[in-house]
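When we follow my numbering, the leftmost residue of the sequence shown carries the number 832, and every step to the right adds one. Ideal placement from N, C-alpha and C gives every residue a C-beta, glycine not left out. For clarity, every value in this text was computed on a predicted model and none was experimentally measured. This report refers to the structure that appears directly beneath it.
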Amino acid sequence: RAATTAACRSHVERLGKEPLVVGDCPGFVVNRLLALYLNEAMLLLCRGVSAGRIEATALGYGMPISPLELIDWIGAPTMFDAGRVFWQAFPERIDPAPMLVAMIKNKRLGRAVSKGMYDYQDGQRDLELSPRTVEFSERYCRQKIEFSDRQLMEILTIPMWIEAALVLRSGVVDTYERFDFAMQGGLGFDSNAPWHSFFDSMGSPAILAAMDKWSALTKAMNAPKELCQLLAVHAPTDAMVAYGGGLKR
């Protein structure tokens, strides 16, 4: 195992990249956080939120592109397979978006075939969602909900923070700074401050209120009771560290 890790590190460094060594778990770190983010974007689309608002929220968060466009880059089949692994490992954390199956059945597989969430001309994304994607989102719409811009930001981002706390608790990483590195290096998160500080600026009361409001809407907004108790008396990063066992309570 040590020899394999060393060989992988060496290869990554030869490519001019900085390796991130973590423990073994479904999705490791980047994809474990990403699965919830992309799934919530599809669920929001199916609740009547426009693709433009989802994209604006993602860019305001610090992500380089819309989560819907990122699904096209990944490819719907890969997205489905990765999501199934996540759901099988953590069924209490995700309500899989049903429209993804419709995308696959109708050969809207992503950017590689020029047809996915968006249509592509010579590799360039159309400005608007494909009419077929809109059709699928309306077909699987259970309830249209009016969200404020702040609420959209909370629903897209807080599940990632909860999942990071669970990852830290499990020992897959040994410090919260690993998430900053993973988000920046793996997902292109770009902000004037590290990823973890986004949630400190949001504040523990706002995160707790959002989880309380939306936990019945989506599994991803449900956090363990102990984490919520820590969040009630600590800033988000300190609460995460305490939940992971690294802060005296």
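Around the beta carbon of residue 842, fewer than 16 other beta carbons sit within 10 angstroms, so the residue counts as exposed. Between the C-alpha atoms of residue 888 and residue 1058 there is a straight-line separation of about 26 Å. Look at residue 974 here: in three-state DSSP terms it is coil, with no helix or strand label.
The alpha-carbon of residue 903 is positioned some 4 Å away from that of residue 941.
Within the same chain, and ignoring the five residues on either side of residue 1053 in sequence, the residues whose Cβ sits closer than 6 Å to its Cβ are 1046. Closest option to residue 856, judged by alpha-carbon separation, among 990, 921, 1023: 921. Rounded to whole angstroms, the gap between the alpha carbons of residue 1061 and residue 1000 is 13 Å.
The Cβ-Cβ distance between residue 961 and residue 938 does not fall below 8 Å. Judged by DSSP in its simplified three-state form, residue 956 adopts strand.
Around the beta carbon of residue 1040, a 10 Å sphere encloses fewer than 16 other beta carbons of the protein chains shown; the residue is thus reported as exposed. The DSSP-derived three-state label of residue 855 is coil. Between residue 1035 and residue 1070, the C-beta gap is smaller than 8 Å, which places the two residues in contact. Contact annotation, residue 860 with residue 1030: C-beta distance approximately 16 Å; criterion of less than 8 Å not satisfied. Only buried fits residue 869, as 16 or more other CB atoms lie within 10 angstroms of its CB.
Under DSSP, the beta-bridge partners assigned to residue 941 are 946. Contact between residue 1016 and residue 886 is ruled out by a C-beta separation of about 22 Å, above the 8 Å threshold. Judged by DSSP in its simplified three-state form, residue 1007 adopts coil rather than helix or strand. Judged by DSSP secondary structure, residue 1000 falls within the alpha helix (DSSP H) whose first and last residues are 980-1001. Note that the C-beta distance between residue 967 and residue 880 is not below 8 Å. Taking 8 Å as the cut-off, the Cβ atoms of residue 890 and residue 872 do not count as close.
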